[in-house]
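Here the sequence shown stands for residues 6 to 432, numbered as in the numbering used here. Glycine included, every Cβ here is placed at the ideal spot set by N, Cα and C. Okay, structure first, notes after.
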Amino acid sequence: MILSSEPKFRMYPWSLPQGWDWIALEKLCSHFYGGGTPNRSKSEYFNGDIVWVTPTDIDVNNPVQVVKSSRTTLTNNGLESSSAKLLPPGTVLFSSRATIGKIAIAGVSLCTNQGFANLVCSHNLNNHYLAWCLRTLTPEVIKLASSTTYLEISRGNLRKFKIPIPCPEDSIRSLDTQRRIVTRIETLIYEVKQSRNLVDEIRQDVEQLIFTALNQVINKLDEQYPDSLTIKELISIGKIKIEGGGTPARNNVKYWDGRIPWVSPKDMKRWYIYDSQEHIATDALKETSVKLIPQGAILIVVRGMILAHTLPVAITQSEVTINQDMKALISISNLLPDYLGYILRARSSFILQLVETAAHGTKRLKTDTIMDIVIPIPPESEQKRIIEYLNCIQNEVDEILKGLSQDVKLLDLLEQSILDQAFRGEL
Numbered sequence: 006m007i008l009s010s011e012p013k014f015r016m017y018p019w020s021l022p023q024g025w026d027w028i029a030l031e032k033l034c035s036h037f038y039g040g041g042t043p044n045r046s047k048s049e050y051f052n053g054d055i056v057w058v059t060p061t062d063i064d065v066n067n068p069v070q071v072v073k074s075s076r077t078t079l080t081n082n083g084l085e086s087s088s089a090k091l092l093p094p095g096t097v098l099f100s101s102r103a104t105i106g107k108i109a110i111a112g113v114s115l116c117t118n119q120g121f122a123n124l125v126c127s128h129n130l131n132n133h134y135l136a137w138c139l140r141t142l143t144p145e146v147i148k149l150a151s152s153t154t155y156l157e158i159s160r161g162n163l164r165k166f167k168i169p170i171p172c173p174e175d176s177i178r179s180l181d182t183q184r185r186i187v188t189r190i191e192t193l194i195y196e197v198k199q200s201r202n203l204v205d206e207i208r209q210d211v212e213q214l215i216f217t218a219l220n221q222v223i224n225k226l227d228e229q230y231p232d233s234l235t236i237k238e239l240i241s242i243g244k245i246k247i248e249g250g251g252t253p254a255r256n257n258v259k260y261w262d263g264r265i266p267w268v269s270p271k272d273m274k275r276w277y278i279y280d281s282q283e284h285i286a287t288d289a290l291k292e293t294s295v296k297l298i299p300q301g302a303i304l305i306v307v308r309g310m311i312l313a314h315t316l317p318v319a320i321t322q323s324e325v326t327i328n329q330d331m332k333a334l335i336s337i338s339n340l341l342p343d344y345l346g347y348i349l350r351a352r353s354s355f356i357l358q359l360v361e362t363a364a365h366g367t368k369r370l371k372t373d374t375i376m377d378i379v380i381p382i383p384p385e386s387e388q389k390r391i392i393e394y395l396n397c398i399q400n401e402v403d404e405i406l407k408g409l410s411q412d413v414k415l416l417d418l419l420e421q422s423i424l425d426q427a428f429r430g431e432l
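This is the structure:
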């Protein structure tokens, strides 16, 4: 029998149907374990046979996963030297600091670092039920977190945290109901996941449409204009100019109290750039090396991990500045901005093959590589025709992707609705 000693009038996230009650986790779990980290300077503590889970081992897109391995493992000496405990299979792992609410179930005996509160269920609580319940109630758990340099929920607060339990006065019936709810949740969530996968497949197919069109255009242009010049050659004859960027001193407040867009890679998620997340003042232009980039310039990212798979390209629709991870190509004559932007996108697969890895691990596109990119220059009338054709395809792709984004939002709402109903006794 599960009994609650708290008064019934206490405020809870929602009301429960007859036969359900809010029960503290300390009445439902036999043990609450923390974790620990051995001295990292001692190599003999690592690369053993003991799974040692950290929050980075938990897939944020997998709401309740069973963990059987980890990026880093411990030796017995490493385990014994730390405050980590060997946890039995079935233990529910709940990330309790910084990123609160990553949830997993131990599929083998394992231990964790100090970023987890680990719950061992008593005989009257199904561990999958607990995991899904914590997934649903994470926003409520976060309300109990203390904050210093990061949010953290103590095991003491977690012990007192209450979850909805069906038939708490009849353990057998309660467990049977919990298992039924888990089965129903996992069936419905699986169907939602399948729908997400279908949306992802459609998105990939749709995005491929513009790449196919770009490839067709560039292949035809290369055939028609086999003696086209490189960007370096175009710069030498005054048809293109290239500019870099920089970051004004962060500790100088007056540099950042302005309205001039300061574009960084995080802004490069759209074809046309009108504004940016951060802005600088005219003093930054006067007193630093940062330069004003004109409207109609083509921006490309030249440093960052995104270059491992994508070459972000965009066109400025107003005067902007850029940071040091960007380059701007400015057309001087005979090159329409949209056309030049599309050519760079069409060359992106080739360009990405030339991306290098810097000493600290990030990806970079060297200026020399940019200089070697070949730009065919047809008459302006043909450039306009190409722009019109590719814009038409891009607009259709954007509309379809917009609809798919709405589908994803609806699936998110559906998933949350499934969980809300489950722990309200309505599923």
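Checklist entry - Would you call the stretch 300-313 and the stretch 210-229 in contact, with 3 or more CB pairs under 8 Å? => result The stretch 300-313 is not in contact with the stretch 210-229.
Checklist entry - To which residues does DSSP link Met331 through a beta bridge? => result Val306
Checklist entry - Would you call the CB atoms of Leu163 and Leu30 closer than 8 Å? => result Result yes, Cβ atoms of Leu163 and Leu30 sit closer than 8 Å.
Checklist entry - Grouping DSSP H, G and I as helix and E and B as strand, with all else coil, what is Thr42? => result coil
Item to check | Nearest-angstrom Cβ-Cβ length linking Ser233 and Ile356, presumed shorter than 8 Å | outcome: Ser233 to Ile356, Cβ: 16 Å. No contact.
Checklist entry - With 16 other CB atoms within 10 Å as the buried threshold, where does Trp187 fall? => result One point to set straight first is that residue 187 is Val, not Trp, in the sequence displayed. The residue in question, Val187, is buried, as its Cβ has 16 or more Cβ neighbours within 10 Å.
Item to check | Residue closest to Thr315, alpha-carbon to alpha-carbon, out of Leu418, Pro270, Gln199, Glu324 | outcome: Pro270
Item to check | Proximity to Pro173 [Cα-Cα], best of Trp25, Ser422, Arg350 | outcome: Trp25
Next on the checklist: Applying the 10 Å Cβ sphere with the 16-neighbour rule, what's the burial state of Lys73?
Outcome noted: exposed
Next on the checklist: Buried or exposed, going by whether 16 or more other CB atoms sit within 10 Å of the CB of Tyr155?
Outcome noted: exposed
Checklist entry - What three-state label does DSSP hand Gln399 in the structure shown? => result Looking at Gln399 - three-state DSSP - the assignment turns out to be helix.
Checklist entry - Quick one, which of Asn132, Pro93, Gly41 has its alpha-carbon nearest Leu115's? => result Pro93
Item to check | Three or more C-beta pairs below 8 Å linking the stretch 97-113 and the stretch 17-24 | outcome: no
Item to check | First and last residue of the uninterrupted beta strand (DSSP E) at Ile223 | outcome: Judged by DSSP secondary structure, Ile223 falls outside any beta strand (DSSP E) and instead within the alpha helix (DSSP H) spanning 176-229.
Checklist entry - Given that a residue counts as buried once 16 or more other Cβ atoms are within 10 Å of its Cβ, and exposed if not, what is Tyr277? => result Classification of Tyr277: exposed, given that the 10 Å Cβ count is below 16.
Checklist entry - Can we count Arg102 as close to the ligand COA, meaning its CB is less than 7 Å from some heavy atom? => result Only the bare structure without any ligand can be found here, which leaves the ligand COA out of the picture.
Checklist entry - For Val97 versus Leu135, is the C-beta spacing smaller than 8 Å? => result yes
Item to check | Cβ-based neighbour list, Pro299, same chain, cut-off 8 Å, excluding 5 preceding and 5 following | outcome: Thr321, Glu324, Ile335
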